[in-house]
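Order-wise, the sequence lines are chains P and S.
So the first sequence is residues 459 to 684, counted in our numbering.
So the second sequence is residues 459 to 684, counted in our numbering.
Think of the CB as a built atom: it goes at the ideal place given N, C-alpha and C, for glycine as much as any other residue.
Note that the coordinates shown come from a computational prediction; the quantities given were computed from them, not determined experimentally.
2 protein chains.
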Amino acid sequence: MLKAVVLLSGGLDSATTLAIARTKQYECYALSIDYNQRNRSELIAAQKVAKSLNVQEQQIIKVDLATFGGSALTDKAIDVPNANTKNSIPVTYVPARNTIMLSLALAWAETLDCYDIFIGVNAVDYSGYPDCRQEYIDAFTKMANLATKTAIEGNKITIHTPLISWSKEKIIRTGISLGIDYSMTVSCYQADTYGLACGVCDACQIRRKGFNQAAVIDPTCYETNL
Amino acid sequence: MLKAVVLLSGGLDSATTLAIARTKQYECYALSIDYNQRNRSELIAAQKVAKSLNVQEQQIIKVDLATFGGSALTDKAIDVPNANTKNSIPVTYVPARNTIMLSLALAWAETLDCYDIFIGVNAVDYSGYPDCRQEYIDAFTKMANLATKTAIEGNKITIHTPLISWSKEKIIRTGISLGIDYSMTVSCYQADTYGLACGVCDACQIRRKGFNQAAVIDPTCYETNL
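So this is what it looks like as structure tokens:
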């Protein structure tokens, strides 16, 4: 059975990605990153999802990106804005986050003799982050295949992005068909400790719209109903 | 004054790289990574070097790569071998280490509005690690320029590798001419808490040979004299 490292944030997309990796018969190793994000309920959600989808192993690695600051997701002095209406990269962007996460996934994969990494990036219903695009993933893949001992030894590392061109509607429909209980997941950028979502941030609005378009009941508890 | 993030391990190469960045008139921000390396004296050395070379700021970021294991530098169950005589990547290779370190440097650089990163990789007198080669650095640079908000906004990120094609002899001669006190630095893979070097591992042997060829007195305290 082939192994895969799956980046698991606790959100809707990464849960769906994990479920998809399982349907492809991978033995899944879930990697969650405690980057000192303000939304601590994400990591609890990641543990629930990992357990419910029977991963082989889960690791939660700490790396304190709040030290660097520069993002509303790590710095309480920067307000999380309501939905991103401007055509620009919002303050919820965390500098180099996906690069750091994929690098850590690459390290774990190498020690597991695993050549497949899954990440739930999405370039359709998303917040405009540069590190969610296919050209970025392609460049990371090329770099990974030069960076590692495993690649030098002739193994090809693949970064799987099954959701990259899917709408949130399609992601939700697929996840439901794979039996995911989305009530375990947390998308909100500023959910409280118990996972109560604000309902108004970019992530909440994209999630709400997705459930609405998929004609599926949204199991999320929102603080603000629209 | 332009800013630069300089990866500083506490070894000879990164200290020289920092001194070179200063000669290029950069305001230097030293980034050291506590990856739970067995050689803890490295981080003390990094602090001494940062202070002696008057960096603007130093950050020491923790990310526990020992969790993943797979390297003699993080796992006490794997012996550090004597000098690498085989033509293969040795067990001292740490999976994806430079990729993780450069990713963290990229994150900090972005929050500092800084577009220049220095790393002391060397592809001449080194241990054969894949992530020390120019083609790897080129691929990382390309990826970094797609990954980040700063790049999307039109700023070009450059990874500077001033030592990449230098012999250890040249590195030491340059460092001496720039006034570096190499007694502060630690190269040994298994130095003790006080920085006492084993004298026989790959890193020690490359260092000894470099001082010898540069005709400079080696200030290192070795446990084993050859």
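Report the rounded CA-to-CA distance for residue i versus residue j, giving the unit in angstroms.
{"i": "T550(S)", "j": "N497(S)", "result": "12 Å"}
{"i": "A609(S)", "j": "V674(P)", "result": "38 Å"}
{"i": "I577(S)", "j": "A565(S)", "result": "15 Å"}
{"i": "P539(S)", "j": "D660(S)", "result": "8 Å"}
{"i": "R555(P)", "j": "D650(P)", "result": "22 Å"}
{"i": "T686(S)", "j": "L470(P)", "result": "The structure shown does not extend to residue 686(S), since chain S is modelled only from 459 to 684, so the question has no answer here."}
{"i": "E627(S)", "j": "L466(S)", "result": "20 Å"}
{"i": "S472(S)", "j": "K482(S)", "result": "15 Å"}
{"i": "A508(S)", "j": "L460(P)", "result": "45 Å"}
{"i": "V464(S)", "j": "A477(S)", "result": "10 Å"}
{"i": "M642(S)", "j": "V658(S)", "result": "19 Å"}
{"i": "K667(S)", "j": "A504(P)", "result": "50 Å"}
{"i": "A541(S)", "j": "Q648(P)", "result": "52 Å"}
{"i": "L636(P)", "j": "M601(S)", "result": "33 Å"}
{"i": "Y640(P)", "j": "T678(P)", "result": "8 Å"}
{"i": "Y587(P)", "j": "S625(P)", "result": "16 Å"}
{"i": "I575(P)", "j": "A605(P)", "result": "15 Å"}
{"i": "H618(S)", "j": "C486(P)", "result": "37 Å"}
According to DSSP, what are the bridge partners of residue i?
{"i": "F669(S)", "result": "DSSP output for F669(S) lists no bridge partner at all."}
{"i": "K461(S)", "result": "E485(S)"}
{"i": "F576(P)", "result": "V464(P), H618(P)"}
{"i": "C659(S)", "result": "N540(S)"}
{"i": "K520(P)", "result": "D492(P)"}
Assign residue i to buried or exposed, taking buried as 16 or more other Cβ atoms, counted over all protein chains shown, within 10 Å of its Cβ.
{"i": "S490(P)", "result": "buried"}
{"i": "N603(P)", "result": "buried"}
{"i": "K607(S)", "result": "buried"}
{"i": "S645(P)", "result": "buried"}
{"i": "D537(S)", "result": "exposed"}
{"i": "A530(P)", "result": "buried"}
{"i": "S546(P)", "result": "exposed"}
{"i": "N580(S)", "result": "buried"}
{"i": "E593(P)", "result": "exposed"}
Cβ closer than 7 Å: which chain S residues qualify as neighbours of residue i?
{"i": "L562(P)", "result": "I558"}
{"i": "G528(P)", "result": "E568, T569"}
{"i": "D574(P)", "result": "Residues of chain S passing the Cβ test: none, with the nearest at roughly 15 Å."}
{"i": "D589(P)", "result": "A605"}
{"i": "T525(P)", "result": "Q517, I519"}
Show which residues of chain S have a CB atom less than 8 Å away from the CB atom of residue i.
{"i": "Y551(P)", "result": "K607"}
{"i": "Y594(P)", "result": "M601, L604, A605"}
Mind pulling the chain P residues with CB within less than 9 Å of residue i?
{"i": "K520(S)", "result": "K520, V521, D522"}
Which bits of chain P does residue i rub up against, with CB to CB less than 7 Å?
{"i": "I536(S)", "result": "In chain order: nothing, as chain P lies at least about 11 Å away."}
{"i": "A581(S)", "result": "Within chain P, no residue comes near A581(S); the closest Cβ sits about 12 Å away, beyond 7 Å."}
Identify the contact partners of residue i in chain S, using a Cβ-Cβ distance below 9 Å as the criterion.
{"i": "I547(P)", "result": "K607, I610, E611"}
{"i": "A565(P)", "result": "L523, F526, G528, V552, P553, A554, R555, T557, I558"}
{"i": "A477(P)", "result": "Chain S residues near A477(P): none, gap ~24 Å exceeds 9 Å."}
For residue i, which residues in chain P fall below 8 Å Cβ to Cβ?
{"i": "A462(S)", "result": "Chain P residues near A462(S): none, gap ~15 Å exceeds 8 Å."}
Notebook entry, point to check: If contact means a Cβ-Cβ distance below 7 Å, which residues of the stretch 484-515 of chain P contact chain S?
Noted result: For the stretch 484-515 of chain P, the set of residues with a beta-carbon nearer than 7 Å to any beta-carbon of chain S is empty.
Item checked: Selection of the stretch 600-630 of chain S by Cβ proximity to chain P, strictly under 9 Å -> If the cut-off is 9 Å between Cβ atoms, the stretch 600-630 of chain S has K600, M601, A602, N603, L604, A605, T606, K607, T608, A609, I610, E611 near chain P.
Note to self: If the cut-off is 9 Å on Cβ atoms, which residues from the stretch 647-675 of chain S count as contacting chain P, listed in chain order?
What the structure shows: Answer in chain order: no residues at all.
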